[in-house]
Amino acid sequence: MSITGIKGMNDILPSDVATWQFLEETARNIFGTYGCREIRVPVVEKTELFCRSIGETTDIVEKEMYTFNDKSSHSLTLRPEGTAPVMRAFIQHKLYNLNPVSKLYYMGPMFRYERPQKGRYRQFHQIGAEILGEDDPRIDAQVLAMLSHYFDAVGIDDVSLQINSLGCTECRPQYRQALVEFLQQRLEQLCPDCQRRYTSNPLRVLDCKSKSCKEATVDAPSVLDHLCDGCDSHFDAVQNYLNMLGTTYSINNRMVRGLDYYTKTTFEMVTNNLGAQNAVAAGGRYDGLVEELGGPALPGIGFAMGVERLVLLLGENGVKTPTPKLFLATMGEEAEKLAFTLLHQLQRHGIQSEMDFSGKSLKAQLRRANKLECAYTLFLGENELADGNAQLKRMADGEQTTIALDGIFTGLCSLLDDEATTSL
Ligand code: ATP
Ligand code: MG
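Numbering of the sequence shown is given in the working numbering, commencing with residue -5 and proceeding in unit increments.
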């Protein structure tokens, strides 16, 4: 039996890759415009990094990590998210010495042992950004504006931005206490997971997808009523700045995030088009994380987008794989020789071209040109060589143009160049 891939870990096939490249390229362009620079970190880190940053009682650390011992018995983990590794690198390389504000972005695979379903996989991809060193609410607004800009640029408009504040180490414990007291009265209504979370991580109960938990927490106290003055005015300011920038959002005071490091502003880009997997991007401020991981006390804010979910949302509006511009159909050895060098010249010039190397009949070559969806076919046979002219056929409507063999490369370029995508 042949060996298959691992459940929940997908191949991204050539027919889909153009869409992926478009999503990645747009992120590079847009995040670059806002001053973010790419950082590339390993996919494996010491397990401790994730336990300490994401939090021991989160779903990710409790249930979802791919953790293993290497041959030296070191506990390693395939990264379930990008923020912790980026923080680790930021601290290790003292990037804070280079610039008071570091703006970074990353993209790549993440790994979580979850139940695979549409939009939820065991290897998935994130594109994320992190801004470190500044806690001005204008930074929060800029990050959210950049995220919205990205969705506009890739043409995904059936999403909406939701924001919330989770407070800080000063005010969150009080909210947590108020929530625990509220949940205490309704313990029997909670699902088994939430009965456990009630003591370990009560805020997560608000995020539970089960119907009974949702019903039990309809009247739960709002975190926004428990913010300290600092967090309250920060959240107000973020909203004012978003209004100034014309970035649309709504407030969702039940939004808690699955990672413990968030403080103050948190947000999600949500959609109604992906079933239960409604978050396409998520993030927030994490003002204590850098220090918690052994770095200086620097604030930070960031987000990650799930690329598979972006691809699903683009659907039919994804990017088509580029098809060849030209097929060189040949008959006879001399024509093949001429076509072979011409093919090379055209490819170096940036015109995607194909020819047959297996001696197929003209009919079979044409079939292949059609299958490849070549825009043009050039016919080169013994007659054409003798005649000094070749026929170029536009496949869409069959229109034929005669091209002189003398200077054929230049002739073809001038005809096809306006549509060529790349050049030397
Ligand atoms: P969810 O509520 O869907 O489990 P999450 O809160 O665990 O998401 P984050 O850790 O904030 O997600 O990750 C940010 C984004 O990464 C999500 O909004 C989603 O688009 C994507 N994502 C997270 N987990 C997966 C997964 N297993 N498969 C595919 N995409 C994922
Ligand atoms: Mg999750």
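Quick reminder that beta carbons are idealized off the backbone N, C-alpha and C, glycines included. Note that the structure is predicted; figures quoted are calculated from it, not measured.
Distance cut-off 6 Å: residue 108 Cβ against heavy atoms of the ligand ATP: Yes.
7 Å CB neighbourhood of residue 346 in its chain, flanking five on each side removed: Residues of the same chain with a CB within less than 7 Å of the CB of residue 346, apart from the 5 flanking positions on each side, are 316, 318, 319 in chain order.
Environment of residue 212 [buried if 16+ CB atoms lie within 10 Å]: With fewer than 16 other Cβ atoms within 10 Å, it is exposed.
Short CB-CB distance (under 7 Å) between residue 59 and chain C: Absence of chain C from the displayed structure is noted, only one protein chain being present.
Exposed unless 16 or more other CB atoms sit within 10 angstroms - verdict on residue 13: Looking at its Cβ environment, which holds 16 or more other Cβ atoms inside 10 Å, residue 13 is buried.
Distance cut-off 6 Å: residue 80 Cβ against heavy atoms of the ligand ATP: Placement of the Cβ of residue 80 at a distance of 6 Å or more from every heavy atom of the ligand ATP is found.
Length of the line joining the Cα atoms of residue 354 and residue 25: Going from the Cα of residue 354 to the Cα of residue 25 covers about 49 Å.
Buried versus exposed call for residue 336 [16 or more other C-beta atoms within 10 Å across all chains shown]: The residue is buried, with at least 16 neighbouring Cβ atoms inside 10 Å.
Buried or exposed (CB count within 10 angstroms, at least 16 for buried), residue 156: Answer is buried; the Cβ neighbour count reaches 16.
Best match in 361, 117, 331 for proximity to residue 376 [C-alpha to C-alpha]: If we check each option's Cα against that of residue 376, 331 comes out closest.
Whole-angstrom distance between residue 379 and residue 327, CA atom to CA atom: Rounded to whole angstroms, the separation of the alpha carbons of residue 379 and residue 327 is 11 Å.
Burial state of residue 181 (16 or more Cβ within 10 Å): Classification of residue 181: exposed, given that the 10 Å Cβ count is below 16.
Distance between beta carbons of residue 60 and residue 71, contact taken as under 8 Å: Contact holds; Cβ gap of about 6 Å.
Distance cut-off 6 Å: residue 120 Cβ against heavy atoms of the ligand FAD: Absent from the structure shown: the ligand FAD. Ligands present: the ligand ATP and the ligand MG.
Check: residue 305 C-beta below 6 Å from any heavy atom of the ligand ATP: No, the ligand ATP has no heavy atom inside 6 Å of this Cβ.
Neighbourhood of residue 189 by C-beta, 8 Å cutoff - its chain only, sequence neighbours within 5 removed: Result list for residue 189: 181, in chain order.
Element boundaries [beta strand (DSSP E), containing residue 424]: Past the edges of the chain, shown from -5 to 418, lies residue 424, and the structure says nothing about it.
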